[in-house]
Amino acid sequence: MTIQENVPLAPLTTLQVGGPARYFAEAKSEDDVREAVDFAKSRKLPLFVLGGGSNLVIADSGWPGLVLRIAIGGITSNADDAAGNGVLFSVGAGVDWDDFVAMAVAQNCAGVECLSGIPGSVGATPVQNVGAYGQEVRDTIESVRALDSRNPYLKQDRVLVLPKLACGFEYRRSIFNGAERGRYIILQVDYRLHPGGAPSLKYADLRNYFEHDRAHSGEHSSEPRETPSLAQTREAVREIRRGKGMLIVPGNDDCRSAGSFFKNPALGEAQFKEMVERATARGLQIPSYPALEALRKVSAAWLVEHSGFAKGYTAGAAGISRKHALALINRGDAKANDIIALKNEIQHGVEKAWGIRLEPEPVFVGF
Ligand SMILES: Cc1cc2nc3c(=O)[nH]c(=O)nc-3n(C[C@H](O)[C@H](O)[C@H](O)COP(=O)(O)OP(=O)(O)OC[C@H]3O[C@@H](n4cnc5c(N)ncnc54)[C@H](O)[C@@H]3O)c2cc1C
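Sequential numbering of the sequence shown, starting at 60, is according to my numbering.
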């Protein structure tokens, strides 16, 4: 494995901001990962694990230690067992997430179809328990194989398999970005999918898409509706995402982002009451999203848009996507500091208008 020096990181991220890595290596195998961890330890360098760079804001000063990009490939699957427990896919952490979803859908295996079009690597999906359109990876993850970079013992002892329950999955959270942040390097993820299973159509956006499609194809609503296939669901999700600038389309400024920049805040009862009062005083009605309400969450996008930040808002070289109020974008030559300034401005604006502090979703590296 080659260790390079002073490697620019901005091109390795979707937001395309930030400085260089002092040292940089790409791990194609578990042995490469071990070697990189030993290199960083022996030089007392901080280690940062990079996947597809789609959930990151890298500081303009870059990263002072070693950036290890995980490029471990490979997908294997076990046949459905006699008890009908589904097919277990073991996927290398460096595999492109959407390539895996495409493959699963092509094999008619249900469980990840709504997660189509999310950028990044398989190894990062457990980190923030990636989710969209009613599915989360915790629904299908069976276990995560990882190297414990803090284990000082023998090399062989450092790799372990964490069963799903040990991963502490919650909304956009797990032990990997929570209590054990920076400890585990994910090498492989096992997902259990269901051959011939029906697609998940929990989200109104998705159901509306098919209703609309039906109306356009001349079908009448009294005719029995066929359940869309997994492949149709995947295409629908990608199409909806494209319309929101949430699908990476090369050359499109609106997707030079890190995805949603803020999490949907979960409110306590008193805070929600206060929000309703503030909305009523302004003659506004808080939109109802059953999927969010079940978790006592409110839409961060709605809060941003009702705090003076419309889609297309610009702040120098940074801005908000014209298609999605939650996507902060690099309009061309933004620095990380421009993105941070806009993040701060939005957080202050929302707090002033609604008394709610938005929590960012991306990972801040080198700040
Ligand atoms: C246009 C767009 C749309 C998006 N839509 C969604 C969405 O719908 N839902 C959603 O949940 N997210 C979404 N995201 C965010 C992002 O795609 C996901 O969080 C994705 O899983 C990040 O993967 P990555 O490989 O790019 O990780 P990176 O951005 O490289 O890293 C993210 C974090 O994971 C850690 N990490 C990465 N790989 C490993 C590994 N092998 N072992 C240990 N730690 C690791 C990193 O250290 C870092 O802390 C979107 C982003 C963009 C740009």
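Each residue gets a CB set at the ideal place from its N, CA and C atoms; glycine is no exception.
Rounded to the nearest angstrom, what separates Asp97 and Phe235 at their Cα positions? In the sequence shown, counting from the first residue as 1, residue 97 sits at position 38. In the sequence shown, counting from the first residue as 1, residue 235 sits at position 176. Going from the Cα of Asp97 to the Cα of Phe235 covers about 21 Å.
Determine the contact status of Tyr262 and Tyr192, defining contact as a CB-CB distance below 7 Å. Taking the first residue of the sequence shown as position 1, residue 262 is located at position 203. Taking the first residue of the sequence shown as position 1, residue 192 is located at position 133. Yes. Within cutoff.
Evaluate the contact criterion for the segment 378-391 versus the segment 307-327: three or more CB pairs, one atom per stretch, below 8 Å. Output reads yes: the segment 307-327 touches the segment 378-391.
Please determine whether the Cβ atom of Cys314 lies at a distance below 6 Å from any heavy atom of ligand 1. Indexing the sequence shown from 1 puts residue 314 at position 255. Checking the Cβ of Cys314 against ligand 1 gives yes.
Using the Cα positions of Pro79 and Gly121, report the straight-line distance between them to the nearest angstrom. To locate residue 79, count along the sequence shown from 1; it is residue 20. To locate residue 121, count along the sequence shown from 1; it is residue 62. Between the alpha carbons of Pro79 and Gly121 lies a distance of about 5 Å.
Hey, how far is the Cα of Val108 from the Cα of Thr286? Within the sequence shown, the letter at position 49 stands for residue 108. Within the sequence shown, the letter at position 227 stands for residue 286. Roughly 41 Å between the two C-alpha positions.
Are the segment 329-337 and the segment 367-380 in contact at 8 Å, needing three or more beta carbon pairs? With fewer than three CB-CB distances shorter than 8 Å, the segment 329-337 does not count as touching the segment 367-380.
Simplified DSSP state of Val186, which is helix, strand or coil: Along the sequence shown, one-based indexing puts residue 186 at 127. Of the three classes helix, strand and coil, the one that applies to Val186 here is coil, per DSSP.
What are the partner residues of His253, as DSSP defines its beta bridges? Taking the sequence shown and counting its residues from 1, the one referred to as residue 253 is at position 194. BP columns for His253 point to Ala169.
What whole-angstrom Cβ distance do Ala377 and Ile398 have, given they're in contact under 8 Å? Residue numbering aside, residue 377 sits at position 318 when the sequence shown is read from its first letter. Residue numbering aside, residue 398 sits at position 339 when the sequence shown is read from its first letter. About 5 Å separates the Cβ atoms of Ala377 and Ile398, confirming a contact at the 8 Å cut-off.
In the DSSP assignment, the beta strand (DSSP E) including Val196 goes from what residue to what residue? Numbered from 1 along the sequence shown, position 137 holds the residue referred to as residue 196. Per DSSP, Val196 is not a residue of any beta strand (DSSP E), being assigned neither H nor E.
Taking the alpha helix (DSSP H) that Thr339 belongs to, which residues open and close that run? By 1-based counting over the sequence shown, the position of residue 339 is 280. Thr339 -> alpha helix (DSSP H) spans 328-340.
Per DSSP, what are the beta-bridge partners of Ser136 in this structure? Working through the sequence shown from its first residue, we reach residue 136 at position 77. Answer by DSSP bridge pairing, in chain order: Phe148.
Contact set for Gly111: own chain, Cβ-Cβ below 8 Å, skip 5 residues either direction: Indexing the sequence shown from 1 puts residue 111 at position 52. Cβ neighbours of Gly111 within its own chain (closer than 8 Å, five residues either side excluded): Thr73, Asp155, Trp156, Pro178, Gly179, Ser180, Ala183.
At a cut-off of 6 Å, is Thr184 close to ligand 1 when judged by its beta-carbon and the heavy atoms of the ligand? Working through the sequence shown from its first residue, we reach residue 184 at position 125. Yes, the beta carbon of Thr184 sits closer than 6 Å to at least one heavy atom of ligand 1.
Looking only at its own chain, which residues have a Cβ that is under 7 Å from the Cβ of Gln428, when we skip the five neighbours before and after it? The first residue shown for the chain is 60 and the last is 426, placing residue 428 beyond what the model contains.
Who does Lys356 pair with in a DSSP beta bridge? Residue 356 sits at position 297 when you count from the first residue of the sequence shown. Residue pairing of Lys356 in beta bridges, as defined by DSSP: Ala325.
For Pro105 and Glu64, what's the separation of their Cα atoms in angstroms? The count along the sequence shown starts at 1 and reaches residue 105 at position 46. The count along the sequence shown starts at 1 and reaches residue 64 at position 5. Here the C-alpha atom of Pro105 lies approximately 14 Å from the C-alpha atom of Glu64.
Val189: beta carbon under 6 Å from a heavy atom of ligand 1? Locating residue 189 in the sequence shown gives position 130, where the first residue counts as 1. Ligand 1 approaches Val189 closely enough that one of its heavy atoms is under 6 Å from the residue's Cβ.
Option nearest Ser149 by Cα separation, candidates Met305, Cys226, Leu252: Your numbering for residue 149 matches position 90 in the sequence shown. Minimum Cα distance to Ser149 is reached at Leu252.
Quick one: does the C-beta of Ser366 sit closer than 6 Å to a heavy atom of ligand 2? Ligands displayed in this structure: ligand 1; ligand 2 is not among them.
Boundaries (first-last residue) of the alpha helix (DSSP H) holding Arg93: As a first step, residue 93 must be located in the sequence shown, where it is residue number 34. 89-101 is the extent of the alpha helix (DSSP H) around Arg93.
Taking 6 Å as the cut-off, does the CB of Gly110 come closer than this to any heavy atom belonging to ligand 1? Position 51 of the sequence shown holds residue 110. Flag set: Cβ of Gly110 near ligand 1.
Could you give the DSSP three-state label for Gly302: helix, strand or coil? Locating residue 302 in the sequence shown gives position 243, counting from the first residue. Correct three-state label for Gly302: helix.
What did DSSP end up calling Glu270 once you bin it into helix, strand or coil? Locating residue 270 in the sequence shown gives position 211, where the first residue counts as 1. The answer is helix: DSSP assigns Glu270 an H, G or I state.
Indicate whether Ile405 and Val357 have their beta-carbon atoms separated by less than 7 Å. Within the sequence shown, residue 405 is the residue found at index 346, counting from 1. Within the sequence shown, residue 357 is the residue found at index 298, counting from 1. Remark: C-beta atoms of Ile405 and Val357 do not approach each other more closely than 7 Å.
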